[in-house]
Amino acid sequence: MEKIIVGLGERSYDIVIGSGMLSGIGERAASFGFSPAIAVVSNPTVFDLYGNKVIESLSNAGFNCFSTLVPDGEEYKDYFWSYHILTDLLKNRLDRNSCVVALGGGVVGDMTGFAASVYMRGIHFIQVPTTLLSQVDSSVGGKTGVNHPAGKNMIGTFYQPRLVWADIAALGTLPRKELLCGIAEIIKYGVIRDARLFDLLDEKREAILSLDPDVMSHIIKRACEIKAEVVSADERESGIRAVLNYGHTIGHAVETETGYSKYLHGEAVAIGMCLAARLSVAMGMMKSAHADRIISVVKAYGLPSELPKEINGDKLISLISIDKKAIAGEIKFILPKNIGDVAIHKGIDMKILKKVLEQ
Ligand SMILES: NC(=O)c1ccc[n+]([C@@H]2O[C@H](COP(=O)([O-])OP(=O)(O)OC[C@H]3O[C@@H](n4cnc5c(N)ncnc54)[C@H](O)[C@@H]3O)[C@@H](O)[C@H]2O)c1
Ligand SMILES: [Zn+2]
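My numbering applies: residue 23 is where the sequence shown begins, and numbers increase by one.
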């Protein structure tokens with residue numbers, strides 16, 4: 023097993039990565055001294071696959087365990103379903119020293135974290151991420167939340183888990199498209215911070231796609247280390263944490279414009295990373311050979327690298343301008359300077375952006 027410590031003073035916690043370790047969660051959870059009543063929040067898809075193992079492990083460790091399920095899908099990541107979780111926690115008499123376990127992908131993790139953060143002004147919570155995206159991204163860093171009809175993730179808190187327990191073996195049942203979304207985020211970490219990680223993604227593609235446990239635990243660990251490092255330096259995204267948004271400014275606009283149906287998040291981010299790389303070249307900030315390499319790795323994984331025909335440049339630019347991360351109308355772009363190094367760039371020349379988007 024690999025372990026990373028997310029350093030946030032007394033709120034520090036471990037990310038533990040391994041293969042076939044779900045049955046060890048009970049013993050580890052017991053070591054914290056939580057109250058006996060514990061909740062496992064999941065969705066039917068994940069609970070059918072892994073619920074029993076987790077419940078059994080927690081029960082064997084002396085917990086009095088119950089489960090609460092939310093329907094599977096981003097459309098259920100809302101206030102109503104988080105309220106449903108809170109109601110179940112109350113009905114089952116969780117107290118201020120109780121713990122909630124999130125078993126699932128980012129949707130379950132975000133909603134459970136949100137519920138845990140407001141239940142009795144905050145109780146303990148553990149992330150057991152079961153998608154690659156949640157293992158390398160959403161379970162780390164403490165952003166929780168739900169969607170509102172007015173915008174994605176608009177209601178939420180910063181609230182850190184006590185533990186992240188990531189089992190690579192669970193990825194075996196994950197649909198390929200979902201796996202690739204996690205790969206897109208790992209490509210992101212390589213480009214923003216770690217040329218060696220990027221090389222590994224390039225060289226070990228087959229081993230990665232066949233979920234080789236050694237290679238997977240290495241790249242997941244590296245991705246989590248990078249996220250942990252950035253989050254420790256800037257938990258509330260007032261500065262450097264913005265580098266994690268590489269590919270996301272354009273990616274979010276693509277998701278919005280295509281009604282969240284044509285692309286999964288990681289796919290839209292893949293397009294965003296390729297376009298941001300080309301924008302960087304067009305602005306004279308990076309050699310075109312580096313952008314070519316980013317695009318070729320994205321394509322090699324079968325991720326999309328170009329805008330769909332139906333999106334025009336002007337439309338995308340207007341969407342980018344209203345993105346919540348554009349503070350006071352100023353668009354912030356994360357532009358690579360090299361593989362492994364990015365700059366936070368404000369004040370993009372719209373003519374250059376338009377040209378890149380319409381190429
Ligand atoms: N908090 C953060 O910092 C942060 C960061 C990135 C993304 N997010 C959020 O994460 C969410 C996306 O997360 P996601 O990509 O994990 O999606 P998801 O949670 O919807 O999971 C994707 C699909 O895979 C299924 N699934 C999960 N684990 C499985 C397994 N082991 N085997 C088979 N099927 C499995 C799920 O039931 C679901 O149908 C979004 O809501 C996004 O806003 C949050
Ligand atoms: Zn993302």
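Glycine is no exception: its CB is placed at the ideal position from the N, C-alpha and C atoms.
Between the options, which has its C-alpha nearest residue i's C-alpha?
i, options, result
"residue 23", "251, 207, 238", "238"
"residue 134", "261, 246, 161", "161"
"residue 318", "247, 229, 373, 209", "209"
"residue 222", "121, 244, 91", "244"
"residue 185", "35, 293, 60", "35"
"residue 354", "325, 341, 369", "369"
"residue 336", "53, 377, 93", "377"
"residue 231", "193, 28, 263", "193"
"residue 358", "111, 313, 320", "313"
"residue 276", "164, 204, 289, 268", "289"
"residue 159", "201, 144, 139", "201"
"residue 144", "360, 121, 110", "121"
"residue 153", "284, 72, 264, 338", "72"
"residue 109", "60, 310, 39, 90", "90"
If you measure from the CB of residue i, is any heavy atom of ligand 1 nearer than 6 Å?
i, result
"residue 152", "yes"
"residue 369", "no"
"residue 90", "no"
"residue 68", "yes"
"residue 127", "yes"
"residue 278", "no"
"residue 256", "no"
"residue 94", "yes"
"residue 192", "yes"
"residue 210", "no"
"residue 160", "yes"
"residue 201", "no"
"residue 155", "yes"
"residue 196", "yes"
"residue 132", "yes"
"residue 309", "no"
"residue 249", "no"
"residue 163", "yes"
"residue 99", "yes"
Is there at least one non-hydrogen atom of ligand 2 closer than 6 Å to the beta-carbon of residue i?
i, result
"residue 63", "no"
"residue 291", "yes"
Is it buried or exposed, residue i, if we count other Cβ atoms within 10 angstroms and call 16 or more buried?
i, result
"residue 44", "buried"
"residue 65", "buried"
"residue 149", "buried"
"residue 207", "buried"
"residue 151", "buried"
"residue 105", "exposed"
"residue 406", "Here the chain has residues from 23 to 381 only, and residue 406 is not among them."
"residue 101", "exposed"
"residue 27", "exposed"
"residue 85", "buried"
"residue 197", "exposed"
"residue 146", "buried"
"residue 170", "exposed"
"residue 261", "exposed"
"residue 137", "buried"
"residue 295", "buried"
"residue 118", "exposed"
"residue 216", "buried"
"residue 97", "exposed"
Quick one: grab the DSSP three-state call for residue i.
i, result
"residue 98", "helix"
"residue 360", "strand"
"residue 48", "helix"
"residue 35", "strand"
"residue 2", "The chain is shown from 23 up to 381; residue 2 falls before or after that span and cannot be answered."
"residue 280", "coil"
"residue 354", "strand"
"residue 368", "strand"
"residue 161", "coil"
"residue 25", "strand"
"residue 110", "helix"
"residue 216", "coil"
"residue 65", "coil"
"residue 176", "strand"
"residue 154", "helix"
"residue 85", "coil"
"residue 202", "helix"
"residue 261", "coil"
"residue 334", "coil"
"residue 129", "helix"
"residue 194", "helix"
"residue 267", "helix"
"residue 92", "coil"
Measure from the C-beta of residue i to each C-beta in chain D and report whether the shortest distance is under 7 Å.
i, result
"residue 229", "Here chain D cannot be found, since the structure has a single protein chain."
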